[in-house]
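Top line first, the protein sequences correspond to chains A and B. Just so you know, we're using numbering that gives the first Met the number 0 here: the first sequence kicks off at 0 and counts up by one. Just so you know, we're using numbering that gives the first Met the number 0 here: the second sequence kicks off at 0 and counts up by one. Even glycine gets a Cβ: it sits at the ideal position worked out from N, Cα and C. All values reported here derive from a predicted model rather than from experimental measurement. Read the structure below first, then the notes.
Number of protein chains: 2
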Amino acid sequence: MDKAGYQLTDFLHGLSGKQGDEIIRRGTTRDLKAQTVLFHEGDPARQTYLVLKGRLKLGKVHELGKEVLIRYIGPGELAAMITVLEGRDYPVTAETVGETRVVGWDRRTMLQIMAECPQLSINMIRNSMDRLEDLQSRYLELHAEQVEKRIARSLLRIMKQSGRRSGDEIIIDFPISRQELADYTGTTLYTVSRTLSAWEKKGWVKSKRARIIIADPHALVLFSEKG
Amino acid sequence: MDKAGYQLTDFLHGLSGKQGDEIIRRGTTRDLKAQTVLFHEGDPARQTYLVLKGRLKLGKVHELGKEVLIRYIGPGELAAMITVLEGRDYPVTAETVGETRVVGWDRRTMLQIMAECPQLSINMIRNSMDRLEDLQSRYLELHAEQVEKRIARSLLRIMKQSGRRSGDEIIIDFPISRQELADYTGTTLYTVSRTLSAWEKKGWVKSKRARIIIADPHALVLFSEKG
DNA sequence: TTGTTTGTTTGCGCTGGCGCAAAGACAGTG
DNA sequence: CACTGTCTTTGCGCCAGCGCAAACAAACAA
């Protein structure tokens, strides 16, 4: 359990490592395998989770098949804040992407902790605001932007959140299939595949099965902004 | 300024009328004409607003023309919570729909009030959660649902938030143009117009210029769920 | 090795719904 | 009243991108 140096988006931002550890100790830490469902859309919300290591993906499904990928949740970020409110259900499903360590608190504990440490409320509000903004932008794009540009923006978003630099290239360091990228962008598997193939020919990206490397980030940014 | 009985979605939920009035007194109350821009997307966030009377609409624009209507804000709800965070810009533009009374607080005051009254933090979190859920659902729909169903759902959403019953019919009690309904739904003026015309023939809705009456809510609900 | 599973690519045809254009309806003003 | 600006309706043509189908490729197991 690493201490000290909680970052800006962090739930524990502004707290000392000691305070953070104490708070983590009051929850239940769990290690999860890849592709484990942590909670299901529609189930009563019992725990709020903080990701310590690894990554969750939050998805929402539509009657019969269609799915959207709302967001990836990385280390330091909360999932299911909704739990602090009484009698709510999870609005999304959370599944681990790789091996993932989370800590969970139930409502009572969470409210206690928040009462003792008002900074946490601010951090939660910051996090909700950030997510709301993100989704507002994507909502706008989904309506106003062409698919190819949206795919570009999606890749760049994911890259910012989880990219690992390697020379000029940027590696997205977790497996993401064409289908998932489609769900995240709001398009289809086929369109994503066609688009990535085209970009591969231009040398903008390289990709293997479920692995994407952005070879020319600059070109992608230009494309996403202009066309 | 009406006291007592703040409702569930309210910012002042759980407070006595007296406490609420005191908090309102510490802000700046303003009466605005219809179609007044309260704040602009991109401007530095200086004030958080609570709507006391009337209605705001929050919109976001895309480079050149295209616009989405993120949400209507009615009495009791907050706009621009983002202000409590340092150095942020408004992510949307807020414009009054009819005559509207709001009260605004700057960040310092807001943080003080929140520190004195932790319940407000919970209320703010509740409100962000609700909005996030709303937007997540609409994001899913925008991707997964056909336009006509989306228009139906949009109408029903607006109806729930601002409908006035009159016999079997439900009147949406503020002016909303085809263009606005299109921006809210994520489609075009033309498609909305064609759709409403068709529904008018079926007797589901009646509409005059910028006024919509839902004549057969039940039929609309059925249609939005099945088709 | 072979077989199985799971993911990816690409050709091809189809259509939902966008958006122009032009006419019509309504509200407000002087 | 006529005049002006704003909102609405509808016909029509077009195309982005969806989705089937079928082949292909990579990963893993036995």
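Considering just the uninterrupted stretch of the beta strand (DSSP E) at residue i, what are its terminal residues?
i, result
"Thr-194 (chain B)", "Per DSSP, Thr-194 (chain B) belongs to no beta strand (DSSP E); it is in the alpha helix (DSSP H), 188 to 201."
"Ser-223 (chain B)", "Run containing Ser-223 (chain B): none in the beta strand (DSSP E); it sits in the alpha helix (DSSP H), 216 to 224."
"Ile-112 (chain B)", "Not the beta strand (DSSP E): Ile-112 (chain B) falls in the alpha helix (DSSP H), residues 106 to 115."
"Ile-175 (chain B)", "Element bounds for Ile-175 (chain B): n/a, residue is neither H nor E."
"Ile-211 (chain B)", "210 to 213"
"Val-83 (chain B)", "Here Val-83 (chain B) belongs to no beta strand (DSSP E), and DSSP marks it neither H nor E."
Name the two residues that bound the continuous alpha helix (DSSP H) containing residue i.
i, result
"Leu-63 (chain A)", "Taken as a continuous stretch (DSSP letters only), Leu-63 (chain A) belongs to no alpha helix (DSSP H), as it is neither H nor E."
"Gly-16 (chain A)", "16 to 24"
"Gln-118 (chain B)", "118 to 143"
Mind checking who residue i pairs with in its DSSP beta bridge?
i, result
"Lys-52 (chain B)", "B:Arg-100"
"Asp-88 (chain B)", "B:Pro-43"
"Gly-13 (chain A)", "Bridge partners of Gly-13 (chain A): none, in fact."
"Ser-165 (chain B)", "B:Glu-168"
"Asp-30 (chain B)", "B:Arg-100"
"Gln-95 (chain A)", "Per the sequence presented here, residue 95 (chain A) reads as Thr, with Gln not at that position. According to DSSP, which records beta bridges pairwise, Thr-95 (chain A) is partnered with A:Leu-55."
"Ile-72 (chain B)", "B:Leu-55"
"Val-36 (chain B)", "B:Glu-94"
"Gly-204 (chain B)", "In the sequence on display, residue 204 (chain B) carries Val and not Gly. B:Ile-213."
"Leu-77 (chain A)", "A:Leu-49"
So, using beta-carbon positions, are residue i and residue j closer together than 9 Å?
i, j, result
"Gly-185 (chain A)", "Arg-149 (chain A)", "yes"
"Gly-103 (chain A)", "Thr-8 (chain A)", "no"
"Leu-57 (chain B)", "Asn-126 (chain B)", "no"
"Gly-75 (chain A)", "Leu-11 (chain A)", "yes"
"Ser-120 (chain A)", "Ile-213 (chain B)", "no"
"Tyr-138 (chain A)", "Val-67 (chain B)", "yes"
"Val-204 (chain A)", "Leu-221 (chain A)", "no"
"Val-50 (chain A)", "Val-101 (chain A)", "yes"
"Tyr-48 (chain A)", "Ser-161 (chain A)", "no"
"Lys-32 (chain A)", "Glu-98 (chain A)", "yes"
"Ser-192 (chain A)", "Arg-177 (chain A)", "yes"
"Leu-14 (chain A)", "Gln-111 (chain A)", "no"
"Leu-154 (chain B)", "Leu-180 (chain B)", "yes"
"Lys-59 (chain B)", "Ser-136 (chain A)", "yes"
"Leu-188 (chain A)", "Leu-141 (chain B)", "no"
"Thr-194 (chain A)", "Glu-147 (chain A)", "yes"
"Val-36 (chain A)", "Glu-94 (chain A)", "yes"
"Ile-81 (chain B)", "Met-80 (chain A)", "no"
"Gln-18 (chain A)", "Cys-116 (chain A)", "yes"
"Ser-227 (chain B)", "Ala-151 (chain B)", "Lying outside 0 to 226, the shown extent of chain B, residue 227 (chain B) is not represented and no answer is given."
Any heavy atom of the ligand COA within a distance shorter than 8 Å of the CB on residue i?
i, result
"Met-158 (chain A)", "Because no ligand of any kind appears in the structure shown, any question about the ligand COA cannot be addressed here."
Give me the subset of the region 131 to 146 of chain A whose CB atoms are less than 9 Å from a CB atom of chain B, sorted by chain position. Flagged, chain order: Leu-131, Glu-132, Leu-134, Gln-135, Ser-136, Arg-137, Tyr-138, Leu-139, Glu-140, Leu-141, His-142, Ala-143, Glu-144.
Members of the region 29 to 46 of chain A that neighbour chain B once the beta carbon cut-off is set at 7 Å: Within the region 29 to 46 of chain A, no residue qualifies.
Mind listing which residues of the region 105 to 120 of chain B have their C-beta closer than 7 Å to chain A's C-betas, in chain order? So the close ones are Ala-114, Pro-117, Ser-120.
The region 56 to 90 of chain A: positions lying closer than 7 Å to chain B by Cβ: Residues Lys-59, His-61, Lys-65, Val-67, Ile-69, Met-80, Ile-81, Val-83, Leu-84, Pro-90.
Using 8 Å as the cut-off, can you tell me whether the region 78 to 95 of chain B makes contact with the region 28 to 46 of chain B, which would need three or more C-beta pairs spanning the two stretches below that distance? In short, these stretches touch, since the Cβ pair count reaches three.
Give a yes or no on contact between the region 128 to 136 of chain B and the region 168 to 188 of chain B, applying the rule of three or more CB pairs nearer than 8 Å. Under the three-pair Cβ rule at 8 Å, the region 128 to 136 of chain B does not count as touching the region 168 to 188 of chain B.
Positions along the region 200 to 221 of chain A whose CB lies within less than 9 Å of some CB in chain B: Per Cβ criterion, the list is empty.
Residues of the region 177 to 194 of chain A whose Cβ lies closer than 7 Å to any Cβ of chain B, in chain order: Close to chain B, meaning a Cβ-Cβ distance shorter than 7 Å, are the following residues of the region 177 to 194 of chain A: Gly-185.
Name the residues in the region 10 to 24 of chain A whose C-beta lies less than 7 Å from a C-beta of chain B; which are they? The region 10 to 24 of chain A vs chain B, Cβ under 7 Å: nothing.
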